[in-house]
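full-length UniProt numbering applies: residue 1 is where the sequence shown begins, and numbers increase by one.
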Amino acid sequence: MVRRERIENGRTAKTSFCIVDAQSVKNTDTARAKGYDAGKKVSGIKRHLAVDTQGLPHAIEVTTADVTDRNGALLMLLLNDETLCEVKTVLVDGAYTGARYEELVWQILGAKIEVVKRSELHHFAVLPKRWVVERSFAWLEKCRRLWKNCERKLETSAQLVALAFLSLLLRRH
């Protein structure tokens, strides 16, 4: 479905540029898999997304919240290396810095990392191109079932994220 949408928009089926980020989501009491993200102070799960410049998902991975953004992103890239085989550049925020991380992404995808860092000034600023992945997370937040994690299994949570994006694409047509 994502490939068809890209082709209809005059793009190639597979993206050569993706934006990666993670979102921590609170769990309800019915969820089994739990972790604690100390940075966000959230007990629950973490959704890792790799989207193209249109905000369309090319890779989705759900982990417990205690998995770091870097490790979760590496797992996502590793499990979706066929889908992301044409990616040449991965745009990330400051949480994904490090020579070791860049080396591992190069080994998995053959892609270089481009880090967009926040300004040292203490005011709000939209980060170039990074807002696209944040918009994708906002699309997920509109789905009632995804504002909190109620699922017992991580695989179910990942499938619901994919279903939410599928629903979004179907509404566009």
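Glycine residues also receive a C-beta, built at the ideal position from the N, C-alpha and C atoms.
Taken in chain order, the complete beta strand (DSSP E) segments of 3 residues or longer contained in the UniProt domain "Transposase IS4-like" (14 to 168) are 17 to 26, 35 to 37, 42 to 51, 57 to 64, 89 to 92, 112 to 115.
Within 10 angstroms of the beta-carbon of Val116 lie fewer than 16 other beta-carbons, which makes it exposed. Within the same chain, no residue comes within 7 Å of Ser167 by CB-CB distance, once the 5 residues on both sides are set aside. Exposed is the label assigned to Glu155, since fewer than 16 other Cβ atoms lie within 10 Å of its Cβ.
Annotation for Arg3: the continuous alpha helix (DSSP H) segment containing it runs 2 to 8. When DSSP states are grouped into helix, strand and coil, Arg171 belongs to the helix group.
Taking 8 Å as the cut-off, the beta carbon of Thr63 is found no closer than this to the beta carbon of Cys150. Pairing Arg47 with Ala59, the inter-Cα distance amounts to about 11 Å. Counting only residues of its own chain and dropping the five nearest sequence neighbours on each side, Leu74 has a CB closer than 8 Å to the CB of Tyr101, Leu104, Val105, Ile108. Here Gly94 is not near Asp66, since their CB atoms are 8 Å or more apart. Distance from the Cα of Gly39 is smallest, within the candidate group Thr68, Thr53, Val20, Gly55, for Thr68. In this structure, Phe137 sits near Gln23, with a CB-CB distance shorter than 8 Å. Cβ contact annotation for Ala13 (same chain, cutoff 7 Å, sequence separation greater than five): Arg3, Arg6, Ile7, in chain order. Restricting attention to Gly10, Gly110, Val20, the CA atom closest to the CA of Lys129 is found in Val20. Closest by C-alpha distance to Ala111, out of Asp81, Trp131, Arg118, Gly72, is Asp81.
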